[in-house]
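For the sequence shown, our numbering begins at 12 and goes up steadily by one.
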Amino acid sequence: MKPSGFELDRRLSADAHDITNLPLCNVRLMDNKLFPWVVLVPRVADVTEWIDLSREQQHQLSDEIAIISHILNALVTPDKLNIATLGNQVPQLHIHIIARYKGDKAWPNPVWGGAAEPYSEAELRKFSYELKSALDSLQLA
12 MKPSGFELDR
22 RLSADAHDIT
32 NLPLCNVRLM
42 DNKLFPWVVL
52 VPRVADVTEW
62 IDLSREQQHQ
72 LSDEIAIISH
82 ILNALVTPDK
92 LNIATLGNQV
102 PQLHIHIIAR
112 YKGDKAWPNP
122 VWGGAAEPYS
132 EAELRKFSYE
142 LKSALDSLQL
152 A
């Protein structure tokens with residue numbers, strides 16, 4: 012069920028695959044297999060900044076960032092997790108959680124605008140299943 016007035020930005024829809032919904036956020040997998048990269052989008056209408064969320068929503072978002080971070084850490088064992096909100100090109104509030112490895116195609120620089128390689132159908136199906144299964148096992152929704 013879509014929260015009242017919430018519309019996912021078309022660029023987020025085009026660039027990242029839908030995985031599931033948590034209590035606050037839509038969980039999406041960025042279509043770039045070079046970097047395991049999850050995007051959380053709070054399902055709240057007209058939100059562009061963290062401060063636009065209620066205090067309760069801010070706390071829920073923080074919890075969901077931590078949950079996704081722990082799951083990514085367990086699934087892909089990165090050297091570093093990058094967590095960021097930018098919004099320069101897509102103003103809708105969304106949070107990037109990116110697993111990074113020393114020696115990856117962009118290391119130590121940011122991943123923005125750099126190397127990209129889409130998932131194959133099989134890779135996408137497998138990683139999406141792993142993410143969704145881990146989230147479903149927590150019974151958050």
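In this text, a Cβ means the ideal position worked out from N, Cα and C, and glycines have one as well.
Every value quoted in this text rests on a predicted model; they were computed, and no experiment measured them.
Is residue i near residue j, with beta carbons less than 8 Å apart?
i      : j      : result
Leu151 : Pro34  : yes
Asn84  : Leu92  : yes
Lys139 : Ile30  : Position check: residue 139 holds Ser in this sequence, whereas Lys was assumed. Yes; because the gap between Cβ atoms is below 8 Å, this pair is in contact.
Pro89  : Arg111 : yes
Could you give the C-beta distance for residue i and residue j, rounded to a whole number, given that I count them as a contact under 8 Å?
i      : j     : result
Ile106 : Ser80 : Not a contact, Cβ separation roughly 10 Å.
Ile76  : Leu51 : 7 Å
Ala145 : Leu72 : About 19 Å; that fails the 8 Å criterion.
Check each candidate in the options and name the one with the smallest Cα separation from residue i.
i      : options                       : result
Lys113 : Leu40, Leu45, His28           : Leu45
Glu134 : Asp26, Val52, Leu40           : Leu40
Leu104 : Lys116, Arg54, Ala27          : Arg54
Asp20  : Glu67, Gly124, Pro102, Pro121 : Pro102
With 8 Å as the threshold, decide whether the Cβ of residue i is near any Cβ in chain B.
i     : result
Ala85 : Checking the listed chains, one finds no chain B in this structure; it contains a single protein chain.
Taking the alpha helix (DSSP H) that residue i falls in, what are its first and last residues?
i     : result
Arg66 : 66–87
If you follow the beta strand (DSSP E) that residue i is in, where does it begin and where does it stop?
i      : result
Ala133 : That residue, Ala133, is in no beta strand (DSSP E); its alpha helix (DSSP H) goes 132–148.
Leu92  : 91–95
Ala110 : 106–111
Worksheet item: For the region 21–63, which segments carrying the alpha helix (DSSP H) assignment without a break, of at least 4 residues, lie completely within its bounds, in sequence order?
Response: As far as the region 21–63 is concerned, its whole alpha helix (DSSP H) runs of at least 4 residues are 21–26.
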